[in-house]
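Working notes for the structure below.
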Amino acid sequence: GLFHEPWGLGPGEEPRAVAVVCHPHPAHGGNMNSTVTFRIARGLQRCGIACLRFNFRGVGQSEGEHDGEGAEEGDARAALDWLTERFPQAPIWAAGFSFGSRTVFGLAQHDRSIERLLLIGFPARVYPLGGVDELRIPAYFLWGDQDDFGTLRDLREQYPALPQSFEYEEVPGADHFFRPRTLVVEELVRAHAERVLGLDPA
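Be aware that the sequence shown starts at 506, since it is given in the working numbering, and climbs by one per residue.
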């Protein structure tokens, strides 16, 4: 894993939150060094949030084998355990890109410690994502508007009555991997975190 120290804090000041950041599908080359995964972590880091990127089981130097049916939720929980042991008072956020967003969404359905989700490139067309409309914590969704794996329109077609605590944005002209606008992902994630935390825009 790679730990992102929070930026912009005073000496001895605790992170404003902790966040795990999960990567895309291992079977398609996804790992913690995914550009979008990095941009998510950097955007949060700039707001004083301590982030951990890590490889799912069977990826890179992580032990085990890829599961793809929900076991990666346990990997995300283990990463959150590492963060919360280090910063036990910090609010807990969870973020993910593509398969990683599916993973943290699944975890949040039964892990009540998670207070906020960032779901980037949420694959609404690809995976069964039952219960989105029953999620009771705030969630931020971000897609490229040319995303073949799902967009806001797909999510709303499946779930016409989405919670008011959800926030949505789309990046014009960007595909699933936000080409050619990955830097925009970092800026939008940062701006969202600033709003939530009540910070002055950087």
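Note that the Cβ used here is the ideal one computed from N, Cα and C, for glycine as well. Just so you know, these numbers come straight off a predicted model, no measurement behind them.
On a Cα-Cα basis, can you pick out the residue from H509, W512, F683 that is closest to F602? F683
Count the other C-beta atoms from every protein chain shown that fall within 10 angstroms of the C-beta of C641, then say buried if there are 16 or more, exposed otherwise. The amino acid occupying residue 641 in the given sequence is Arg; Cys does not appear at that position. Label assigned to R641: exposed.
Using a Cβ-based criterion (distance less than 7 Å to any ligand heavy atom), does R658 qualify as near the ligand COA? Among the ligands in the structure shown, none appear at all, so the ligand COA cannot be discussed.
Identity of the residue in A666, S670, E674, M537 nearest D652 by Cα: E674
Checking 8 Å against the spacing of the C-beta atoms, do G655 and D680 come in under that value? no
Does the segment 546 to 561 come close enough to the segment 575 to 589 to have 3 or more Cβ pairs within less than 8 Å? yes
Starting from G611 and walking both ways along the alpha helix (DSSP H), at which residues does that stretch end? 604 to 613
What does a CB cutoff of less than 6 Å around H697 pick up in its chain, not counting 5 residues either side in sequence? Y645
Leaving aside the five residues before and after L693 along the sequence, list all residues of the same chain whose C-beta is less than 8 Å from its C-beta, in chain order. G548, L647, E674, V676
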